[in-house]
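Engineer: Below you will find the structure I want to go over with you.
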Amino acid sequence: METLLLKGKPVSDSIRLALAPRVQSLKEIGIIPKLAAIIVGDDPASQVYVLNKTRAFEKLNCESQTFRLDVGSSEKEVLTLIDTLNNDSSVYGILVQLPLPNHLDAKTILHAVSSKKDVDGFHPKNLGLLLEGNPNFIPCTPQGILEILKHYDIPVSGRHAVIVGRSNIVGKPMFALLAQKYEMGNATVTICHTGTKDLALHTKQADIIIAAAGSPNMITGDMIKEGVDIIDVGINRVEDNSEKGYTLMGDVNTESVMGIANSVTPVPGGVGPMTITMLLVNTVKSAEKCVELVAGC
Ligand code: GUN
């Protein structure tokens, strides 16, 4: 079986192309979708992610301002900044880059972001609306995965999807999206995690695998059935002797699934490009909502 590589760039390009006239319409009425990104500390992967975000926003004539806080910043300092941004009418989206330093409680901080500017979709109100089947902001990576499945005509309804990883960022919202009764969902969904006794027992039964555990090469060819569609969310920095000092590796051992799987997303170049694109989508949507509901934004 020839395994199709599900590249994210064409999907991302077509979504960004469709966003451009929406940004232009907002510009004509004096609104520029602006994201405020907060980064605490100097985690190298987070620095790259935030830089890529800024570039993508500028390319689409949107704005992205990064607030860099010292690694030792107190919870109060972070909460004060969030409060200022919640009340800044030029800011339509607020993002707190994860992971946060250990001394900060991510829950307290994420709950402080206004649910109306929560373009990451991490606020409990937005997660609750998603579970209810009435989403407001959908977390970017799971939303991007659905766009990949849609773009490449990969059927979801009635199939067995196995998600590996139960994070709030990917695994849990992905479950809500795939299990929901609507045209892009309606799947039977299993979530595997570190407490799962025999991972291969489950992955061998999957029609779709969403690998989002943050564990390099965890899924191998002997753990899958023929014809499965695989979405690899992992972007793991594995240290080596290369010039960069590391290589990016997915959660899936891509080489070993080639010829068995129907399709697989490459790493890098699969899910990665989608996350920032969906952040753009959510920020533009947030600005558009403010136009509709001036009093409420
Ligand atoms: N860290 C890794 N992925 C994400 C994401 O989607 N949003 C935020 N805020 N932090 C992340």
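With my numbering as the guide, the letters of the sequence shown map in order to residues 125 to 421. C-beta atoms are modelled at their ideal positions from N, C-alpha and C, and glycine is treated no differently. Since the model is a prediction, treat every value here as computed from it, not as a measurement.
What three-state label does DSSP hand Met342 in the structure shown?
Structural biologist: Residue state, collapsed to three classes: coil.
Engineer: What separation, rounded to the nearest whole angstrom, lies between the Cα atoms of Asn341 and Pro223?
Structural biologist: Each residue's Cα considered, the two are about 22 Å apart.
Engineer: Can you give the beta carbon distance from Val352 to Ile334, rounded, assuming they're within the 8 Å contact cut?
Structural biologist: Not confirmed; about 11 Å, so no contact.
Engineer: Cβ atoms of His317 and Arg283: under 7 Å apart, would you say?
Structural biologist: Against a cut-off of 7 Å, the Cβ pair of His317 and Arg283 comes out as no contact.
Engineer: Say whether the stretch 244 to 252 touches the stretch 195 to 203, bearing in mind that this needs 3 or more beta-carbon pairs closer than 8 Å, one atom from each stretch.
Structural biologist: Too few Cβ pairs lie closer than 8 Å, so no.
Engineer: Could you pull the start and end residues of the alpha helix (DSSP H) that Ile269 belongs to?
Structural biologist: Per DSSP, Ile269 belongs to the alpha helix (DSSP H) from 264 to 275.
Engineer: Enumerated in chain order, which unbroken segments of the alpha helix (DSSP H) with a length of 4 residues or greater are wholly contained in the stretch 352 to 382?
Structural biologist: For the stretch 352 to 382, whole alpha helix (DSSP H) runs of length 4 or above, ordered along the chain, are 378 to 381.
Engineer: Let me confirm a value: Ala419 is counted as buried when at least 16 other C-beta atoms fall within 10 Å, else exposed. Which label applies?
Structural biologist: At Ala419, the pLDDT of 48 sits below 50, so the modelled position is not reliable and the matter cannot be decided from this model.
Engineer: The alpha helix (DSSP H) that contains Lys249, what's its start and end?
Structural biologist: Lys249 -> alpha helix (DSSP H) spans 248 to 256.
Engineer: Taking only three categories from DSSP, how would you classify Gln189?
Structural biologist: Three-state result, Gln189: strand.
Engineer: Report yes or no: do the stretch 255 to 274 and the stretch 399 to 419 share at least 3 C-beta pairs separated by less than 8 Å?
Structural biologist: Touching, per the Cβ criterion.
Engineer: For Val288, I'd like the list of residues in its chain whose CB is within less than 6 Å of its CB, leaving aside the five on either flank, ordered along the chain.
Structural biologist: Closer than 6 Å at the Cβ level, and outside the excluded window around Val288, lie Cys316, Ala335, Ala337.
Engineer: How is Ile459 classed by DSSP in three states: helix, strand or coil?
Structural biologist: An answer regarding residue 459 cannot be provided, because it is not within the stretch 125 to 421 covered by the chain.
Engineer: Can Gln221 be considered in contact with the ligand GUN, in the sense that its beta carbon sits closer than 6 Å to one or more heavy atoms?
Structural biologist: It does: the Cβ of Gln221 is within 6 Å (strictly closer) of some heavy atom of the ligand GUN.
Engineer: On the premise that Phe191 lies in contact with Ala160, defined as a C-beta separation below 8 Å, what is that separation, rounded to the nearest angstrom?
Structural biologist: Contact holds; Cβ gap of about 6 Å.
Engineer: Straight-line CA distance for Val405 to Glu187?
Structural biologist: Taking the straight line from one Cα to the other gives about 13 Å.
Engineer: Between the stretch 359 to 370 and the stretch 206 to 215, do at least 3 Cβ pairs fall closer than 8 Å?
Structural biologist: No, the stretch 359 to 370 is not in contact with the stretch 206 to 215.
Engineer: Three or more C-beta pairs closer than 8 Å, one from the stretch 293 to 301 and one from the stretch 256 to 264: is that the case here?
Structural biologist: Verdict: yes, contact present.
Engineer: Quick check: the Cα distance between Val376 and Asn292, rounded to an integer number of angstroms?
Structural biologist: If I take the Cα positions, the gap works out to 20 Å.
Engineer: Which one of Thr371, Arg140, His235, Gly345 has the shortest CA to CA distance from Glu182?
Structural biologist: Comparing Cα positions, the closest option is Arg140.
Engineer: In or out: Gln148 buried (at least 16 other Cβ within 10 Å) or exposed?
Structural biologist: With fewer than 16 Cβ atoms within 10 Å of its Cβ, Gln148 is classed as exposed.
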